[in-house]
Structure formats: C-alpha cells, structure tokens
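Residue numbers (the working numbering), protein chains in the order written: chain B, 802 to 1296; chain Z, 7 to 255.
Structure record follows, encoded as structure tokens.
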C-alpha cells in the first residue's frame, strides 16, 4: 500500500477544494473465484460483461422505485457536494455524492433514456466500458452507504441505494469485493462473520462466565442454544472476543441477569451482521436473515433482541419484518425485533436496574451516532428515539456526558469512515481520511470538555475507531461500547 | 390563416401532448415500479399524515435544501416561487373572464419575472464560481438555465421594450383551446418567447425537470417509518416464502 498522510485537523472544519483523481488509486482487493461462487456470482469477469452489466442495470431499475426516481430526479443543485465524509477527507470530486451517483447515472442515461441515447454528450451519458467499470470499482468502494447525503438532498436521493445497485451489478459480472464476499461466505457456511464454529463459541462464552464471576462474584450466564429461553440475542460476532466489543456483550448479559430475563445465543444464527446489505444483493440478504427466523423458531423464543451493531440494526428494524416476517410466533407485547438499548432503557425507566455512576467516574463520555442506526432505523416509539435512548442509557451510567457539535450528530452524524463493507486494511487510507470529519468534532470536545471516552453501538464503528484513533493522536482504547459503560455501572441486588 | 399561425398552433399542440403524455407515462412507471424494502430517511414520520406534512414542507419550503445550503435554497426557492407567480399571472391568457385572484396578482407576477431572473442568475453563477458545482455541471445543466433565463427575459422584453398585441395573443390561445384557430401576432419577441416555452414543455419529460413529479414518488421521503408495526412487501419481497422446518423439538 502506498504511504499516505493523515489529514491535519484545523481549528474548524473546512470544505476542501476539488482535487481530481486524488483517490483514483484506492480500490479494495478483488474476490477470487472461490469466494464468488458460494454467493451465486460468476468467478471472474464474464465474456460480454458490458452487455450483462447493462441488462442487469435495467433489471434492477425496473425492480426498484427508488432507483427509478433517484436516477431521473437529480438536478445537480450541489447541495450534497460537501456532505460526504470521504469527499471532506480526500478532496476527490468523485467522492461528492452527486458525482458518485453520476458514475452509474451516466450509464443508465446512455442505455435507458431518450436524451442519453440520442444526445449523450449533452447530458453526460457514457458507454459501459472498462474505464467506467474501473471507476465504479474504485469509487463505489469509497461509499460507506451511510445516507448522510440523502438527508440533505431535496429529493431524498439515497446514494446508498445507487452504490448497492452498482456493487450488485459488479458482482453479477464477476467483479466482487474480497472483504465483503468472503465474510458473507463464512456466514453461509459457519453461521458468523468470523467463521467461529459452535464448540469454539461455547468455549469463549464459558470463559466469559468465569471472568464475570471473578470480577463480580455473580453467576452471570452466557447461554448458547438453550431451548425455551425467552430472548434470542443476535449480536455481531466481534462481541464474542475482541476489545472493546466484548465489554458490550458482558453488559447485555448483566442486564438480562439483573432483570431476570432468560436468554440465549444461537450457533445457527451467531451473527447479527448481514454484509449482503453492502453488496446490494437481495437473495443473499434474505438468505442470511432467514437464519434468524430459523433459530428463533427452533429455540422457541418469545422475543428477538439485537446487540450493538449498526447495519444489523438497519436490516433488523427496517427489513426483517419484510424478509423473515411476519413475527406472529413471537410475543406481541414486545417490538419485533428489539434493540438491546431499547431493552436496557425500558428497564432503567422502570427502575429495574441499579446503576452506580461512580464506577465510570474516570470517564468524560461522548456518543458517536452510528450511521445505520441514525439514518436507517429507529428505536423506541417516537421519531428520533435512536438518538435519545442510547444517550439516556449513557447518562444513567456516567457522571459526565457531552455531545459533539450538533451538525455532526443525530441524523446529520458523520460515518466513522469504515462502514458499508470498507472495514478492510486494503482500504486503510480511505478509512483514515474518511474519519476526518468525526475526528474533527471529537477533537473539539476533547479540547473543550476533556472527553476521554467515545461510546458507540456498532461493531464496525468500534473496530474502525480502534484502528484510526491513533492516526489522529488519540489512544485506541478511547472507543467503547455503550453496554460496556452499563457493565461497569450495574450493581446486582441480593435477592 | 398565416403559415406562422399554423406552425405555432401545431407546435403548441405537440408540446402540450408531449408534456402531458410524457409526464403521465413517467408517473405511471414510477407508480407501477415496486419498492421492495422500507427505506425512509430521517426525520421520518410514523404516520401517513406526517408523510403528507413532510412532503408539503419539502415541496413548498424546500426544507432539506434549507438545512443543506442557504445559497442554493435562496436562489432555488426564489426561482420556483417566482415561476409559480409568473405562471399564475399567465392564466389571464387562457381564461375568459379572467378569474378574480388572477387579476389581483398581476402586479406581483411582474416583480416575479425579475425575481425569477435573479434566482436563475444566482444558480447559474454557482455553476461557474463554486468548483464542486462546476465539476458536476453538464452542458445540459447550463442549457436548461439558459432556456429558462431566455424565457423570462423575452417575456419581460415584451412588457418593457417591445409590446405585443396581447389581446390578439389571448384570442390565439383561447382559439387553440377551443380548436378554433385565431391569427398569432408576428412580433419577434413573442415568437421567441413562445418557441422557447414550447421547447421547455417538450424536453420536460426527458430531462431533469422530472424532479417535479419525482419528489412525490421518492421512497426515502414518502414512506412511513413503521417497518416493525406493518409488514411491508412489494416486488421481489412479496415473493418470499419461508420453509419453516419443525426442527429439534
């Protein structure tokens, strides 16, 4: 990998001038044939791929009102041009959302619109060529599908939908991304992103039980495949071992323990993540989600609860009812599915948890709203619950909490820089540069309020920050789980 | 009947048909295309009423654009509101007797002509002055602004520089609508103005002007945020079948 410089943090955020081609060299490793095949994609670039790609594009557009409307409606007003963290961090104009969309829109126009068929130069329509495909591969893998741009678009044009379609088309002609497709393959084969088999998982959970016993003296259980449990917990597999993720898992277990809710994990569905979202392929999306339904039915649970994972919560909240519903086999008194933060928040409100803030007295905490939770889902029963609930949990667990600048949180939150299937070391330069706007906002609260803990509810955010924080001169362990804070603060009452 | 009158009469019939059929066809395609998944973008309302309110705020006030960029909002909103006033003012050429409210807004319609030009000027300046917007502008984006500006300018020219016979003009349009053709005054400014308006009507359904119907069909704006409460299915997602095996016990 070429050396790169971490972008400097100024006193205030700036919109950089356009530098054409600044990130043209950035592209992820291509998936080898053995990674493509299990997902139903051709192993390598098919002969006649131009035609296949154009046909696939037409199919996708005819199956999605979103694509139809989004490809037609852009007026090139420029409102989105300074909204993408990758543009702000790299200055490459093809990272402006409208320009990224135009990579695909130009081809759509050429083959599917009157103006593009007859006056291509006039409307910027382009033939599907190898150069175009290379541009697609590079720049549709510089989009984390965070949807920030669409919040600011007067027509709600969602670049994520377009980047997902482009990746689906690339997969369909045999050009897949190694990172995402390898992971999806592991979920199909083993049941989770890490390829962690059942016995290893049981081992890990036993270890956690011992650790918690040692630290608290309490018999907090980490059940696996227990039939008849009330709750099936589906969580990102990173929670099973890596710091700071595992602190979150310990937190969930303590919450269930304190509330007396019986719960279980499942080896069959030992993964909340569904990377099929990132590659825009609905067959894989449905198939990966179906495991959750199967596990819930097999274990006979009453509720499904999802752990701290951003895109998983988007898939769960927004798509599960469509993909694997109806959930008529679950207890109708609870939302299906439910976020672990909703569970914890509900218990806090009912006074069912005892939390000791002094356990986190050393921390000044801020909260990073993860893009997929903020803009792809919701929590609770009012709009904006996804912003309120995690903050209320944190406030109940810590003495000092401050928010970052308002234009960088809530529905306008900046992506961590590693979402959307980009959390791979072959895209490290992009990840570091894309983290710039978040790091800028973080720097401000560090300087003004002495913030030393960045809480998040997404496995990708946590991994990404662990990696990029040091580039911006912050300690890597500054990032942590919201339920890590809960885990510290929770006190078990003797019954 | 002069050849000019026949030419313009036919031109306007063609333009009107292209506009209506073209936009109706696009709306039909948008309406018929399924949206298989729920993708509302926040702040997403949880009720249909909320969605109606949201769309109204977007269409009337350009709310998202306001949050996004004050300059684009200022010029864009100014242009669109002025265009609406100008169009309303032009209703007097198509109604007899002229509706009271149309008579009332005539003076505002005139100011609106200038406001329209100012808005277009601002938007066009951004295409040259802001490097990011310059980068994303195609020839067609400039042409569209040129077309709209030329329509506004030729219209104002008839008011302030070279008057045309608006009584005859009105007779021409009322005649077109009744299929009883009347002669069109052969003033250059008028002919230019009308030709450009016809051109705009013709390109509408094949250009980015489709944002006008498109905004109402945009799933990210018009979907209700109720994915957990109501099972949404459409297109491929309506064909999902679960093979629930009774596994284990």
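Idealized CB from N, CA, C, for every residue including glycine.
#### Entry: Any non-hydrogen atom of the ligand NAP within 8 Å of residue 1127 (chain B) CB
The model on display carries no ligand, and the ligand NAP is accordingly not part of it.
I'd like to confirm the pairing. Which residues does DSSP put opposite residue 1155 (chain B) in its beta bridges? Residue numbering aside, residue 1155 (chain B) sits at position 354 when the first chain is read from its first letter. B:1292, per the DSSP bridge assignment.
- Query: Residue ranges of each alpha helix (DSSP H) run of no fewer than 4 residues wholly in the region 23–97 of chain Z, ordered along the chain?
  - Reply: 54–62, 69–74, 76–96
Practice prompt. Using the Cα positions of residue 1356 (chain B) and residue 1141 (chain B), report the straight-line distance between them to the nearest angstrom.
Written response: This structure cannot speak to residue 1356 (chain B), because chain B is shown only from 802 to 1296.
*Rounded to whole angstroms, what's the CA-CA distance from residue 1082 (chain B) to residue 937 (chain B)? Just pull it up for me.*
The sequence position of residue 1082 (chain B) within the first chain is 281, counting from 1. The sequence position of residue 937 (chain B) within the first chain is 136, counting from 1. Going from the Cα of residue 1082 (chain B) to the Cα of residue 937 (chain B) covers about 17 Å.
Review point. Is the distance from the Cβ of residue 1002 (chain B) to the Cβ of residue 1071 (chain B) below 9 Å?
Key: As a working mapping, residue 1002 (chain B) is identified with position 201 in the first chain. As a working mapping, residue 1071 (chain B) is identified with position 270 in the first chain. Yes.
Exercise. Touch check for the region 847–858 of chain B and the region 980–994 of chain B: three-plus C-beta pairs under 8 Å?
Worked result: no
Check your understanding: Which bits of chain A does residue 1098 (chain B) rub up against, with CB to CB less than 7 Å?
Key -> Judged by its chain identifiers, the structure shown contains no chain A, and its protein chains are B and Z.
What residues of chain B sit near residue 125 (chain Z), judged by a beta carbon separation below 8 Å?
As a position in the second chain, residue 125 (chain Z) is number 119, starting the count at 1. What residue 125 (chain Z) touches in chain B: nothing, since even the nearest Cβ is about 12 Å away.
- Message: Suppose contacts are defined by Cβ-Cβ distances below 9 Å. Is residue 974 (chain B) in contact with residue 843 (chain B) by that definition?
- Response: On the first chain, residue 974 (chain B) is found 173 positions in, with the first residue counted as 1. On the first chain, residue 843 (chain B) is found 42 positions in, with the first residue counted as 1. Contact: yes.
Inset, instruction - Taking the CB atoms as reference points, tell me whether residue 1006 (chain B) and residue 1023 (chain B) lie closer together than 9 Å. - result: Stepping through the first chain from its first residue, residue 1006 (chain B) is reached at position 205. Stepping through the first chain from its first residue, residue 1023 (chain B) is reached at position 222. It is a contact, given that the beta carbons lie within the stated cut-off.
The region 857–868 of chain B in contact with the region 941–954 of chain B per 3-pair CB rule at 8 Å: no
Worksheet entry | Proximity below 9 Å, CB of residue 242 (chain Z) to CB of residue 40 (chain Z) | Counted from its first residue, the second chain places residue 242 (chain Z) at position 236. Counted from its first residue, the second chain places residue 40 (chain Z) at position 34. Contact: yes.
>> For the region 27–37 of chain Z against the region 211–227 of chain Z, do three or more pairs of beta-carbon atoms, one drawn from each stretch, fall closer than 8 Å, so that the two count as touching?
In response: yes
Whole angstroms are fine: how far does the CA of residue 883 (chain B) sit from the CA of residue 215 (chain Z)? Position 209 of the second chain holds residue 215 (chain Z). Position 82 of the first chain holds residue 883 (chain B). Residue 215 (chain Z) and residue 883 (chain B): Cα-Cα distance of roughly 23 Å.
Residue 257 (chain Z) at chain B interface by Cβ criterion, 9 Å: What is shown of chain Z runs 7 to 255, which leaves residue 257 (chain Z) out entirely.
*So residue 1253 (chain B) and residue 1164 (chain B) are in contact, right, with Cβ under 8 Å, and what is the actual spacing, rounded?*
If you number the first chain from 1, residue 1253 (chain B) lands on position 452. If you number the first chain from 1, residue 1164 (chain B) lands on position 363. Indeed they touch by this definition, with Cβ atoms about 6 Å apart.
Q) Looking at the C-beta of residue 160 (chain Z), does it have a partner C-beta in chain B at a distance below 9 Å? A) The residue you call residue 160 (chain Z) lines up with position 154 of the second chain. No - not a single Cβ of chain B is within 9 Å of the one on residue 160 (chain Z).
Residue 830 (chain B): buried (16+ other C-beta within 10 angstroms of its C-beta) or exposed? As a first step, residue 830 (chain B) must be located in the first chain, where it is residue number 29. Residue 830 (chain B) should be labelled exposed.
When DSSP labels each residue in this structure, what does residue 185 (chain Z) get in the three-state scheme?
Here residue 185 (chain Z) refers to the residue found at position 179 when the second chain is read from its first residue. Three-state result, residue 185 (chain Z): coil.
What distance in whole Å lies between the Cβ atoms of residue 1051 (chain B) and residue 1288 (chain B), which are believed to be in contact at a cut-off of 8 Å?
On the first chain, residue 1288 (chain B) is found 487 positions in, with the first residue counted as 1. On the first chain, residue 1051 (chain B) is found 250 positions in, with the first residue counted as 1. 5 Å between Cβ atoms; contact.
My parser needs the alpha helix (DSSP H) runs of 4 or more residues fully inside the region 976–1012 of chain B; what are they?
979–990
| said: On the CB-based measure, 16 or more other CB atoms within 10 Å of its CB, does residue 145 (chain Z) come out buried or exposed? | reply: Working through the second chain from its first residue, we reach residue 145 (chain Z) at position 139. Exposed is the call here.
Given residue 1079 (chain B), which residues of its chain have a CB within under 6 Å of its CB, disregarding the five upstream and five downstream residues?
-> Here residue 1079 (chain B) refers to the residue found at position 278 of the first chain. Result list for residue 1079 (chain B): 981, 1221, 1222, in chain order.
Practice item. Identify the contact partners of residue 35 (chain Z) in chain B, using a Cβ-Cβ distance below 8 Å as the criterion. Key: Residue numbering aside, residue 35 (chain Z) sits at position 29 when the second chain is read from its first letter. Near residue 35 (chain Z) (Cβ distances below 8 Å), the residues of chain B are 869.
Q. Along chain B, in chain order, which residues have C-beta atoms closer than 8 Å to that of residue 242 (chain Z)?
A. Counted from its first residue, the second chain places residue 242 (chain Z) at position 236. What residue 242 (chain Z) touches in chain B: 864, 1083.
* Among B:874, B:1190, B:1128, the one whose alpha carbon lies nearest that of residue 1146 (chain B) -> Taking the first residue of the first chain as position 1, residue 1146 (chain B) is located at position 345. Here the closest residue by C-alpha is B:1190.
*Rounded straight-line distance, which links the Cα of residue 958 (chain B) to that of residue 64 (chain Z)*: Numbered from its first residue, the second chain carries residue 64 (chain Z) at position 58. Numbered from its first residue, the first chain carries residue 958 (chain B) at position 157. When rounded, the distance between both Cα atoms is 13 Å.
Listing by chain order, which chain B residues have their CB less than 7 Å from the CB of residue 136 (chain Z)? Position 130 of the second chain, counting from 1, holds the residue named residue 136 (chain Z). Those within 7 Å of residue 136 (chain Z) in chain B are 879.
* To do: Tell me, to the nearest whole angstrom, how far the beta carbon of residue 1029 (chain B) is from that of residue 837 (chain B); I am working on the premise that it is less than 8 Å.
  => Taking the first chain and counting its residues from 1, one reaches residue 1029 (chain B) at position 228. Taking the first chain and counting its residues from 1, one reaches residue 837 (chain B) at position 36. Not a contact, Cβ separation roughly 40 Å.
Are the C-beta atoms of residue 1068 (chain B) and some chain Z residue less than 9 Å apart? Counting from one through the first chain, the residue named residue 1068 (chain B) turns up at place 267. No, residue 1068 (chain B) does not count as interfacial toward chain Z.
Point to revise | Cα-Cα separation, residue 912 (chain B) to residue 855 (chain B) | key: Counted from its first residue, the first chain places residue 912 (chain B) at position 111. Counted from its first residue, the first chain places residue 855 (chain B) at position 54. Straight-line Cα distance between these residues: approximately 7 Å.
Q) Under a three-way DSSP split, which group does residue 1281 (chain B) fall into? A) Residue numbering aside, residue 1281 (chain B) sits at position 480 when the first chain is read from its first letter. Residue 1281 (chain B) falls in the strand class under three-state DSSP.
Name the chain B residues that come within less than 7 Å of residue 223 (chain Z), Cβ to Cβ? Position 217 of the second chain holds residue 223 (chain Z). In chain order: 866, 870.
Of all Cβ atoms in chain Z, is any one closer than 9 Å to the Cβ of residue 1225 (chain B)? Here the question's residue 1225 (chain B) lines up with position 424 in the first chain. It does not: the Cβ of residue 1225 (chain B) has no partner Cβ on chain Z nearer than 9 Å.
Are residue 896 (chain B) and residue 909 (chain B) closer than 9 Å when you measure CB to CB?
-> Here residue 896 (chain B) refers to the residue found at position 95 of the first chain. Here residue 909 (chain B) refers to the residue found at position 108 of the first chain. Not a contact, by the Cβ cut-off of 9 Å.
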